[in-house]
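Numbers 321 to 925, taken from my numbering, label the letters of the sequence shown in order.
Every residue, glycine too, gets a C-beta built ideally from N, C-alpha and C.
Notes follow once the structure below has been shown.
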Amino acid sequence: MHMDQRMVKQWEERVTKWQTSDKGRNRHPNDDDIMQLRVFLRELHRRLVEWGRPSVVLQNLPNVGRLLGRLCSIEVLRMQEADYQLVLQCVLALYVSQPSEQLEEKAIKWAQSQVRHSVSYYKERNPCRGIAESVGCSTSRFNHTASLKLLESIVEDLNKVPTTCWDPYTNCLVPYTQLSGTALTDLSELCLPLVTGSCDVSPLVECLLSCHGNSAREALSPAFLEAVTKSQEHAYACQCSLELSHEGYVSLWTRYLPALESEVLHLIQAVVPLLPSSELRAQILMSSRGLPRACAENPSLLTGAEKLMELLLHHTGGSASVLTTMDLFHRCVKESRGTIPPVLHCRNSWPALDSLRNLLQADPQDLPTRLLVLHIKNLSNCLTRHVVTDPVSRFQAWLLLARSRVWHRAVLKMSLLGPAGGVPACLQVLVWYNSPLVPDRHKEYQDRLGELITSLRGLCYQAVLQPHDLQCAFSAYRGQGNLLCNIVKPLLMFFSVYGNVTRHVLPDIVEKATGENQPSCATKFRFFLDCIEFALVPDGPHALSKRVRGSPSRQGKKSAAPALSLFAEVFEEYRRERLVGALRLPEELHLGLMGRYDRVKQLLL
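And the structure:
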């Protein structure tokens, strides 16, 4: 068949008659017309692909755009999926990723508009109204169904061309026969308006995310990947505009680093406000999107997420909230792993810090006091020896130490209750733990912290404790809030459990730990829950989930007996004030506190 302007004009006249007749409902294109049109469209598509550039096409066939535009609006043709697909293929043949002149830029915008109008209508009157009425359904329902059918057709075509399989190493669908990178780029750009639309495009987006080009360069359009990433901004607030499956999220995170960065940042923003009072809720929220599970299955994702959190931790100067979030995230990854065998990380393991890493592998609960003091001295020497001059090594050593929360608690406890000979080493470790990025202030920090710990050690063995004793002990703390703020609350938690704290002194302790003037009974109750979990639970604060993970030793319970008695009094005060209505607390927070209390009570039986 010879393709020229005369043939295009003939078909344009025939299509115009169909449109005019269709409005009067006198005549539709019959089967012979459809078959002839099918042959014409196949030949037209072949010639369009052969010519390549839209400028060349429009030189040979000036009216081809008008013909294709009219074909796109014929209602009966829309119902013929195979034939309408040929029309869209001809439309897409006029689309190029890199226009060389203004005429080609217009052709690109025209092709995009035809695709948009194929799945939605911007005119006042829906052109499918007549067909919708003839089949007995509403226009909006017909429009929605037709749009879904078109999307299903695109997904089916994508799945037919590249036969895909699940690759356990990359944890995503990988095609055997790879598509052209240019084809994927063009298709993803054409689908860009659909990502922010109201139609359910999740299957199409997931299918595109699972497709890879025939080169190492990213095949999908950056604008498309950015739009999909932006649709997930409010996911943790249950306002996600585009829901994907777990495999879809994994494909997005593994192939587009900004998507992983955005996911980690939004995760931290959602979790930090829940800490430390609602850590169980934070853990549930953290696992709701499947990022911990994806990291457990895919070591490259875990490495990326850890690196992002480390950078955030560095920029926030060792924020306690970010550190707690990191610890919670690693717990979620560990729980998500289940039966999945652990995978070695493909990252630098810092061999220079192997000695520190080996020291932190030991469990302080298994060591008697004498060996524990010796172990802490070795930790202090190791930190001083390896990271005095190198900032990078200093930061990596601090990360190792910060992740060993059990050793942080052990050093805190020994600094208050251990032999006096081990206090200098404890101070050195605590300085590195709480102030890693300002080594020039370590000496000042250690002196101030030493004064505070010496005072608290004396109060731990004082038979009768008075409020003014606590004020004297914290005289060294005045004016040093920014320097010692990260260490005061943990110290007061241990002191509240193992010191001779009474009801008269408790408000002052809670005020210094929380910064709340005249703390309420709810604040005191929450603080005491934190204290018991921090000091007595082997896995640390809030580690109690639906089942108790560890039990304190008999000696630990005996040493904390006065504190447990005081805890019972604080609980009774909280319960009494809530019953009489003197305490107004949201029901959700109350249930969270009572759940923690029940688990602590079970732990101490």
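When secondary structure is reduced to three states using DSSP, D850 falls in the helix class. Per the Cβ contact rule, the region 644-660 is not in contact with the region 681-697 (fewer than 3 Cβ pairs under 8 Å). Judged by DSSP secondary structure, C792 falls within the alpha helix (DSSP H) whose first and last residues are P787 to A793. Along the length of the region 712-743, whole alpha helix (DSSP H) runs at least 4 residues long occupy 725-737, reported in chain order. Out of L595, L514, L899 and R705, the CA that lies nearest to the CA of V548 is found in L514.
Distance from the CA of L720 to the CA of P688, rounded to the nearest whole angstrom, comes to 23 Å. Minimum Cα-Cα distance from R723 among the listed residues A625, P711, R677 and P739 corresponds to R677. When DSSP states are grouped into helix, strand and coil, D520 belongs to the coil group.
If you look at Q356, you'll find it in the alpha helix (DSSP H) that goes D351 to W371. Sorting C511, T502 and L504 by C-alpha distance to the C-alpha of L470 places C511 at the top.
Shown here for I773: same chain residues with a beta carbon closer than 6 Å to its own, the five before and five after excluded, namely S735 in chain order. Selection L913, A543 and F847 evaluated against A883 yields F847 as nearest (Cα-Cα). Annotated as distal: H464 and Q409, with beta-carbon spacing of 8 Å or more. By the criterion of a C-beta distance shorter than 7 Å, V377 is surrounded in its chain by L368, W371, V384 and L414, once the five residues flanking it on both sides are discounted.
CA-to-CA, the gap between C792 and C746 works out to about 23 Å.
Contact annotation: P382 and L423 have beta-carbon atoms that are not nearer than 8 Å. At a Cβ-Cβ threshold of 8 Å, L680 and W727 count as neighbours. In this structure, DSSP gives D760 a helical state, which the three-state scheme calls helix.
Distance from the CA of A902 to the CA of F845, rounded to the nearest whole angstrom, comes to 15 Å. The C-beta of L631 has fewer than 16 other C-beta atoms within 10 Å across all chains shown, which makes the residue exposed. For C410, the enclosing alpha helix (DSSP H) covers residues E401 to L412. Distance from the CA of L911 to the CA of H566, rounded to the nearest whole angstrom, comes to 31 Å.
Under the three-state reduction of DSSP output, D477 falls in the helix class.
With contacts defined as CB atoms closer than 8 Å, S473 and Q552 fail to qualify as a contacting pair. Comparing alpha-carbon positions, the option among E526, L387 and D403 lying closest to Q356 turns out to be D403.
Nearest to L577 by alpha-carbon distance, out of S700, K627, C558 and H788, is K627. By the neighbour-count criterion, in which a residue is buried when 16 or more other Cβ atoms sit within 10 angstroms of its Cβ, P523 is buried. V411 sits buried, since 16 or more C-beta atoms from the chains shown fall within 10 Å of its C-beta. Sequence-distant partners of A579 (beyond 5 residues in either direction) whose C-beta falls short of 8 Å from its own C-beta, in its chain, are L545, V548, T549, Q552, L572 and W573.
P349 is classed as buried because its beta carbon has at least 16 other beta carbons within 10 Å across all chains shown.
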